[in-house]
Each structure stands twice: as C-alpha cells, then as structure tokens.
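Engineer: This is the structure I have questions about; it appears just below.
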Amino acid sequence: MCFIFNSRIVNNFFLFLLFIASLCVVSCSQLDSLYDSDEDESTAVDTWGQIMDEPAEVFVAADLSEAVKNGIVTGLATAADAWGNYGPLEYWVLGTEVDAANDLSELYCERRSQRGDLNKADCLFSNQTSDHGFESYRKVGYDAISSNQPSTSMGRNGARDWGIHRFTSSYPIGFDSVLGATPKGEMITVYHEYFHAVQHAFIFSLDFDERDKKMGPTWFVEGGAVYMAELFVRKMLASGDLVMTDNNELDTFKVSFESKMDSAKQSIQNECPGTSFKDITYELGCSYAAYDLGAWAIAYLSHLVADENALLNRFYPTLDDLGWEAAFQAAFGISSAQFFTDFDDFLMKPMSEKLLILPDL
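The sequence shown lines up with residues 158 to 518 when you count with this note's numbering.
As structure tokens, then:
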C-alpha cells in the first residue's frame, strides 16, 4: 500500500475514497481507474512558468508517518504561498522499508506509463539501479536509521520534457524528530527544494545544456536556495503564515549564517585547499561550501541592492531573455567578475561586520 496526497478531487474512478483535510488516499492497486481519462495528459497545454491553482502532488510511501506526510504538504503549500505556485509538481517521498518503496515505485512507473513519459519496465529498472532511483533514496533513510547517523537526500530530478517539476526524497527524519533532526530544520529543506522548482520555472528551453547554462554556477543555484529557504521559513513563522507546534526553535538567521561561514571555510581548507568558492562544483569534496558561501553571496548581493527578495524581484524575471551574466548585471548593477573581487574583500572583514548585512530574524 502507498498513498497519494492530492487536494484535487479525482472524478470517475472506482476505488475506496477517504478524504481528510483535502488529501486523497488511494490504493496502488486501483491505479488504472485513477488515471483513466478521455484526455491524454502528456499532450496537455504546456503551463511551464505560469502561476497555477493546482497544488503540488505529494506521494508518500506507506511506511511513513502522518507527521512526515503533513510536513511535506505544508512545506510545499506555504513555500508556494511565499514565492508563487509553480507546477505541475510531483514530490515522491521514500521511507525505509523495501515493500513500501516497491509499491511507491509501481505507482510512479504506472503513472509515467499512463502519461506517456516512460516505458514502465524501463522505469522500474531505473528506480532499482540508478543513482537517483527510488531504491537509492530508500537506502539513504535505511542506512541512517540502521547506523543511528542522521542523513538525508532529496532533489529536483527533472522533468522539463514531461512538463513537470519532479522531486524525490529519502526519509525526511526531521518531521519525526529522530536522530537529532527537527521539524523546523526539515521545513527549511522542503523550502530549499521548492525554490529549485521556482528557479527552473523561469527557464523555458527544453534543451538541457541551455537550461544548465542559464541556471548558473553551483554557488548561485544552491546558495540562492539556501538563502531563500533560511530567510522565508523564518519570515513565514514570524508572520504566522507557517504554523509549527514543535518546541525546537531555529537559531536566528545571523547565528545560522555565522555557522555556515565557519563550516564552509573549514570544508575548503580540508577538502579543496586553494579553491575559490566560485569554482566549487557538485563533484568536489567541498561541494557544500558552495551552498554555504553561496548563501552568503546571495545575502551580499541582496544587501547591495537593498532588496532581500532580489532574486525574485530583479534577477529571475529577466533570466530567460538575457541569459545568466546579463541578468546578473541588470539585477545587481555589477558584473560577476567585479562581484567576485568585491566579495573576496568582504570575506576578509571581521565576522561582526559581515553580520551587519543580514536581516534580524
């Protein structure tokens, strides 16, 4: 058994319907009737980049708790409230049990087949064997629980060619408050992932290389997601637009960023000595320094133009037309080359001065 969480009522299907808090729960064995339709969804009008009414669809393995299910749904919904509801979006969440993962994979691959995205047999094989298949994500959660060492993995794994934002996640342990992880910390991760959908929504090309070039360097892509998630979870909590009842409070924005600066510098020193943060890629051992220093870089650029939401207000609206460098210059008033020089100087300042550019949250 696995579950689909979807706040849209699906008509004309024969299965036992349980409707709780606008979420549908259906059996995987009933899949055929669920997706019977007179319209081939794969040929539907392309709504890429448009603000949508339909919420994200969240598909959760049967071995996960209500806290996990509700946390993901709430996170995606409130992030969409903050930044715009870009879709269609599918978010697939694995637990730790093999049978539950296989059921979820069956549902996923039947869905892909029905919509003309993938051959079902190829899909099932890929989910078992690929680096970003369902089994790889299940194993992350299983290994974390088995070893008593916190670890998670999640990502946006496509799929512009299918007309959707497709996410896959390992067991989000924070929503169950296990292994020292907290619900609010996990919520930041959900916001981080959703911001990647926002980034991609502003790029319309189907060509992978063109999309990759327009997304920009690792520090900008991941730093932007880190900065926006850290900032907006705190803003939404402060405004009451995001309500979480756990007693674990987040560090302040400034304390969090001070820690990021320290960990990034240590990571570069230990794993990639002599490497500039602008040259760090996903393949390097110090890759997470690009996330942490990238977040500082976005904070610096936002402070430069006195707009904490500069990415959405200034940069992304012009990206597809101008390309990354020209959009960068239009948004922030300097070239990326000049920024690197200025930011290197900024990094040499005492921490007390660096913290002055950050909002008080």
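In this text, a Cβ means the ideal position worked out from N, Cα and C, and glycines have one as well.
For G480, I'd like the list of residues in its chain whose CB is within less than 7 Å of its CB, leaving aside the five on either flank, ordered along the chain.
Structural biologist: In the sequence shown, the residue the question calls residue 480 occupies position 323. Hits under 7 Å: K371.
Engineer: Provide the residue span of the beta strand (DSSP E) that contains F216, from first to last.
Structural biologist: Here residue 216 refers to the residue found at position 59 when the sequence shown is read from its first residue. Taken as a continuous stretch (DSSP letters only), the beta strand (DSSP E) holding F216 covers E214 to A218.
Engineer: Pull up the DSSP beta-bridge partners for T325, would you.
Structural biologist: Here residue 325 is taken as the residue at index 168 of the sequence shown, counted from 1. BP columns for T325 point to W249 and G312.
Engineer: Helix, strand or coil: how does DSSP classify Y439 here?
Structural biologist: Working through the sequence shown from its first residue, we reach residue 439 at position 282. Note: Y439 maps to coil in three-state DSSP.
Engineer: Given a cut-off of 8 Å, decide if A488 and L450 are closer than it, judged by their beta-carbon atoms.
Structural biologist: Taking the first residue of the sequence shown as position 1, residue 450 is located at position 293. Taking the first residue of the sequence shown as position 1, residue 488 is located at position 331. In this structure, A488 does not lie closer than 8 Å to L450 by Cβ.
Engineer: What residues in its chain sit with their C-beta under 6 Å from that of Y448, if we drop five residues either side in the sequence?
Structural biologist: Along the sequence shown, one-based indexing puts residue 448 at 291. If we look at Y448 and ignore the five residues flanking it on each side, its Cβ neighbours are E379 and V383.
Engineer: Just the C-alpha distance for E482 and S493, rounded to the nearest angstrom, thanks.
Structural biologist: Indexing the sequence shown from 1 puts residue 482 at position 325. Indexing the sequence shown from 1 puts residue 493 at position 336. Between E482 and S493, the C-alpha separation is close to 7 Å.
Engineer: Relative to the alpha-carbon of S334, which residue among V225, Y473 and L469 has its alpha-carbon at the smallest distance?
Structural biologist: Walking along the sequence shown from the start, residue 334 turns up at place 177. Looking at the Cα atoms, V225 is the closest of the given residues.
Engineer: From the DSSP secondary-structure annotation, give me the bridge partner or partners of I208.
Structural biologist: As a first step, residue 208 must be located in the sequence shown, where it is residue number 51. DSSP output for I208 lists Y243 as bridge partner(s).
Engineer: Contact check, H349 vs A386 under 8 Å by CB: the rounded distance?
Structural biologist: Taking the sequence shown and counting its residues from 1, one reaches residue 349 at position 192. Taking the sequence shown and counting its residues from 1, one reaches residue 386 at position 229. That belief holds up - the Cβ atoms of H349 and A386 are roughly 4 Å apart, short of 8 Å.
Engineer: Go ahead and pull the three-state DSSP assignment for F503.
Structural biologist: Indexing the sequence shown from 1 puts residue 503 at position 346. Reduced to three states, the DSSP call for F503 is helix.
Engineer: Expressed to the nearest angstrom, what Euclidean distance is found between the alpha-carbon atoms of I229 and M344?
Structural biologist: Position 72 of the sequence shown, counted from the start, is the residue given in the question as residue 229. Position 187 of the sequence shown, counted from the start, is the residue given in the question as residue 344. If I take the Cα positions, the gap works out to 8 Å.
Engineer: Under the three-state reduction of DSSP, which class applies to R269: helix, strand or coil?
Structural biologist: Indexing the sequence shown from 1 puts residue 269 at position 112. It is helical.
Engineer: Cβ atoms of L515 and K411: under 8 Å apart, would you say?
Structural biologist: Taking the first residue of the sequence shown as position 1, residue 411 is located at position 254. Taking the first residue of the sequence shown as position 1, residue 515 is located at position 358. Yes, the pair counts as a contact, with Cβ atoms nearer than the cut-off.
Engineer: Could you tell me if K511 is buried or exposed, where buried requires 16 or more neighbouring beta carbons within 10 angstroms of its beta carbon?
Structural biologist: Taking the sequence shown and counting its residues from 1, one reaches residue 511 at position 354. Buried, since its Cβ has 16 or more Cβ neighbours within 10 Å.
Engineer: Specify the secondary structure class of D464 as computed by DSSP and reduced to three states.
Structural biologist: Along the sequence shown, read from residue 1 onward, the residue named residue 464 stands at position 307. In this structure, D464 counts as coil in the three-state DSSP scheme.
Engineer: Excluding sequence positions up to five away, which residues of its chain have a Cβ less than 7 Å from the Cβ of C443?
Structural biologist: In the sequence shown, counting from the first residue as 1, residue 443 sits at position 286. Result list for C443: S424, I425, E428, C429, T432 and I437, in chain order.
Engineer: Quick one: give me the first and last residue of the alpha helix (DSSP H) that P340 is part of.
Structural biologist: Within the sequence shown, numbered from 1, the residue matching residue 340 stands at position 183. Element bounds for P340: P340 to A358.
Engineer: Quick check: what's the CA-CA separation for V400 versus N227?
Structural biologist: Position 243 of the sequence shown, counted from the first residue, corresponds to residue 400. Position 70 of the sequence shown, counted from the first residue, corresponds to residue 227. Taking the straight line joining both Cα atoms gives about 12 Å.
Engineer: Would you identify the three-state DSSP class for L191, choosing helix, strand or coil?
Structural biologist: Counting from one through the sequence shown, the residue named residue 191 turns up at place 34. Residue placement at L191 is flagged as unreliable, the pLDDT there being 30, under the threshold of 50; the coordinate-derived value follows with that caveat. L191: helix per DSSP, three-state reduction.
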